[in-house]
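What follows is a short report on a single structure.
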Amino acid sequence: HLELLRWWHAPFCWRLAHDDTVRLWSVDQNTPTLWGHLRWMAAHLKGKERGALIISDEQKPVGVYTSAVCRDGIVVGISLLPSARGKGHAEFTLKCAAMSAYMHALPLYALIKPGNHRSRGAFERAGFWLSGTTDDGMLLYRTGGVVAVLAMTMLQRAS
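Right, here's the structure in full:
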């Protein structure tokens, strides 16, 4: 289940942001301060350049999906509680995001640490592929965007 981030999710997001296993694989390994957390919540609640969805299992929040508009598309990320990993939540959420981005002809991007094999697998199963590395060694994954839309259009015309 996916739902829009709301202020009442702040305690859950705080707990998630302070989970050592989440911080281990996060692009930003610094544990947020209370003020930093409130700024993060406010930025993701505005919904213009950034957004967030709460991932739930049996009506309990188990993770957060984030998105941020960038120059070439949308950068996405997922954080899950340890108890929710390996249950398909990330793959389901990423497939929903990819479908929405496909409808708008926008590519999705994700930065993943090289050793985070579970995250890499979830992104790959959702249709992302490794497109390169950043200067600081992060793996850059992406979806099809405009190229995928053009290819799909050509396939539909050919049939």
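Residue numbers (my numbering): 855 to 1013.
Built from N, CA and C at the ideal position, the CB exists for glycine as well.
Exposure of residue i, with buried meaning 16 or more beta-carbon neighbours within 10 Å
| i | result |
| --- | --- |
| A896 | exposed |
| P936 | exposed |
| M1006 | Model confidence at M1006 stands at a pLDDT of 46, short of 50, so the residue's coordinates are unreliable and nothing is read from them. |
| H996 | As written in the sequence, residue 996 is Arg, which differs from the His given in the question. The residue in question, R996, is buried, as its Cβ has 16 or more Cβ neighbours within 10 Å. |
| S1013 | Summary for S1013: the model assigns pLDDT 46, below 50, so the residue's position carries little reliability; its value from the coordinates is reported in the next sentence. By the 10 Å Cβ count, S1013 comes out exposed. |
Alpha helix (DSSP H) segment containing residue i, residue limits
| i | result |
| --- | --- |
| V876 | D874 to W879 |
Secondary structure of residue i, DSSP reduced to three states
| i | result |
| --- | --- |
| P915 | strand |
| T887 | coil |
| R996 | strand |
| L859 | coil |
Proximity winner among the options, relative to residue i (alpha-carbon distances)
| i | options | result |
| --- | --- | --- |
| L859 | T887, D882, L870 and T920 | T920 |
| H943 | L984, H898 and S973 | S973 |
Residue i and residue j closer than 7 Å at C-beta
| i | j | result |
| --- | --- | --- |
| E857 | I908 | yes |
First and last residue of the uninterrupted beta strand (DSSP E) at residue i
| i | result |
| --- | --- |
| E978 | Not the beta strand (DSSP E): E978 falls in the alpha helix (DSSP H), residues H971 to R979. |
| A964 | L962 to I966 |
Distance cut-off 6 Å: residue i Cβ against heavy atoms of the ligand HEM
| i | result |
| --- | --- |
| E978 | With respect to small molecules bound, the structure shown includes none, and the ligand HEM cannot be examined in it. |
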